[in-house]
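With positions in the sequence shown counted from 1, the corresponding number in the numbering used here is that position plus 74.
Report on one structure; see the data block that follows.
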Amino acid sequence: MTETPLIGDLGAPSDGAPLDGARIGVVTFPGTLDDRDAARAVRLGGGTTVPLWHADDTLGDVDAVVIPGGFSYGDYLRAGAISRFAPLMSRITEAAAATAGAPLPVLGICNGFQILTEAHLLPGSMIKNDHLKFRCADQVLRVENTSTAWTSQFTADELITVPLKNQDGQYVADEDTLARLEGEGLVAFRYVGGNPNGSRHDIAGITNAAGNVVGLMPHPEHAVEAGYGSDDATGMRNGTDGLTVFTSIVSSLADSPSEGGAL
75 MTETPLIGDL
85 GAPSDGAPLD
95 GARIGVVTFP
105 GTLDDRDAAR
115 AVRLGGGTTV
125 PLWHADDTLG
135 DVDAVVIPGG
145 FSYGDYLRAG
155 AISRFAPLMS
165 RITEAAAATA
175 GAPLPVLGIC
185 NGFQILTEAH
195 LLPGSMIKND
205 HLKFRCADQV
215 LRVENTSTAW
225 TSQFTADELI
235 TVPLKNQDGQ
245 YVADEDTLAR
255 LEGEGLVAFR
265 YVGGNPNGSR
275 HDIAGITNAA
285 GNVVGLMPHP
295 EHAVEAGYGS
305 DDATGMRNGT
315 DGLTVFTSIV
325 SSLADSPSEG
335 GAL
């Protein structure tokens, strides 16, 4: 009989053979909610999950990092504002912005996206939804940049559906920053079929110029298994569009292993 892993056990056995070398850290802050989901998505994508704690002062030997969703530190002050000063975030910021060797691939989902903007790894900021309500629904996105470490297995302009759940999901930036994002092709994901939170230019996710750091407001880790994802043409909750985010990073690491985790 297979034992059911305990809640929070990110080191649970993999569902398949992980790809050698694809060690992907999943960060937990006080108030993080989706670390277990992200860890499972990593394993289903073919990687090995490495649990990371916000107070750690080293990344160990991880090749990439996922900062999952939730309400880190209760979102006091401002979403992601306190997490930005966590010891581990200093290491992540250094590794992601490294100019020597390969910079660390980092994915911030929802609260993780908010943290990336607070840490200045991505431009802009996240504020309250324009309707001032928590929003939870399946959301259609268009993948507009397939050259990042996290989107390489999508096709250009591919439409995907993943769950969205946020109350501080409105992406804002000044006009010069928005013009640069658009002009340099740094919008990674865009809302389709309606803007759920008032984000400027319908932006759902962005990347840095190097393509190793991506922030995304909707939740790809909640659409990785048939029966537990978004609704699709084959049936209720059967959508697995989010899995491609995780197979993309595993494939990217296989092609060009990151050296950013040695801090």
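The C-beta atom is built at its ideal place from N, Cα and C for all residues, glycine as well.
6 Å Cβ shell around residue i - same chain, five flanking residues per side excluded
i	result
Phe228	Val217, Thr220, Thr318
Phe103	His128, Ser146, Ser157
Whole-angstrom distance between residue j and residue i, CA atom to CA atom
i	j	result
Leu84	Pro125	The predicted model places Leu84 with a pLDDT of 43, which falls under 50 and marks its position as unreliable, so this point remains unresolved.
Val180	Tyr245	19 Å
Arg152	Met310	35 Å
Ala284	Arg254	14 Å
Ala328	Ser322	10 Å
Leu195	Val261	15 Å
Val100	Lys239	19 Å
Asn185	Leu162	16 Å
Gly289	Tyr150	21 Å
Leu206	Thr308	34 Å
Asp305	Tyr265	17 Å
Gln241	Ile201	8 Å
Gly90	Leu118	For Gly90, the predicted model reports a pLDDT of 46, less than 50, meaning its position is unreliable and no value from the coordinates is stated.
Gly316	Ala297	5 Å
Pro237	Asp250	30 Å
Glu168	Gly267	37 Å
Val214	Ala96	29 Å
Ala172	Gly154	22 Å
Asn203	Asp135	37 Å
Thr235	Phe320	15 Å
Gly272	Ala247	12 Å
Own chain, CB closer than 7 Å to residue i, minus 5 neighbours either side, in chain order
i	result
Gly148	Gly105
Asn286	Ala170, Pro177, Leu178, Pro179, Val180, Ala223
Ser226	Thr220, Ser322, Ser325, Ser326
Ala300	Asn312, Thr314
Gly259	Asn219
Tyr302	Arg311
Secondary structure of residue i, DSSP reduced to three states
i	result
Met291	coil
Ile98	strand
Asn185	helix
Val266	strand
Ser199	strand
Val298	coil
Thr235	strand
Ala328	helix
Ala247	coil
Asp242	coil
Leu252	helix
Leu317	helix
Ser164	helix
Residue i at chain B interface by Cβ criterion, 8 Å
i	result
Ser146	As a matter of chain content, chain B is missing from the structure shown, which is built from one protein chain.
CA nearest to the CA of residue i, picked from the options
i	options	result
Thr123	Asp131, Arg110, Asp130	Arg110
Gly143	Leu190, Ala300, Gly134, Ser199	Leu190
Ser330	Asp204, Ile280, Ala138, Met291	Ala138
Asp140	Ala155, Ile156, Asp131, Gly121	The sequence shown places Val at residue 140, rather than the Asp named in the question. Residue Gly121 is the option with its Cα nearest to Val140.
Val282	Arg274, Leu252, His293, Asn271	Note that residue 282 is Asn in the sequence shown here, rather than Val. Here the closest residue by C-alpha is Leu252.
Asp130	Phe159, Glu295, Gly272	Phe159
Leu107	Tyr302, His293, Tyr265, Thr314	His293
Gly243	Asn269, Asp135, Glu258	Asn269
Arg209	Ile98, Met291, Ala96, Phe187	Met291
Arg27	Asp135, Thr235, Phe187, Gly198	The structure shown does not extend to residue 27, since the chain is modelled only from 75 through 337, so no value can be given for it.
Phe187	Ile280, Asn203, Gly272, Phe320	Ile280
Buried or exposed (CB count within 10 angstroms, at least 16 for buried), residue i
i	result
Glu192	buried
Ala113	buried
Ala278	buried
Val324	buried
His128	buried
Ala230	exposed
Asp276	buried
Ala174	exposed
Ala115	buried
Asp233	At residue 233 the sequence reads Leu, which differs from the Asp that was named. Exposed, because fewer than 16 other Cβ atoms sit within 10 Å of the Cβ of Leu233.
Gly257	exposed
Ala211	exposed
Gly182	buried
Closer than 7 Å: residue i CB and nearest the ligand GTP heavy atom
i	result
Val136	As presented, the structure is devoid of all ligands, the ligand GTP included, so that no description of it is given.
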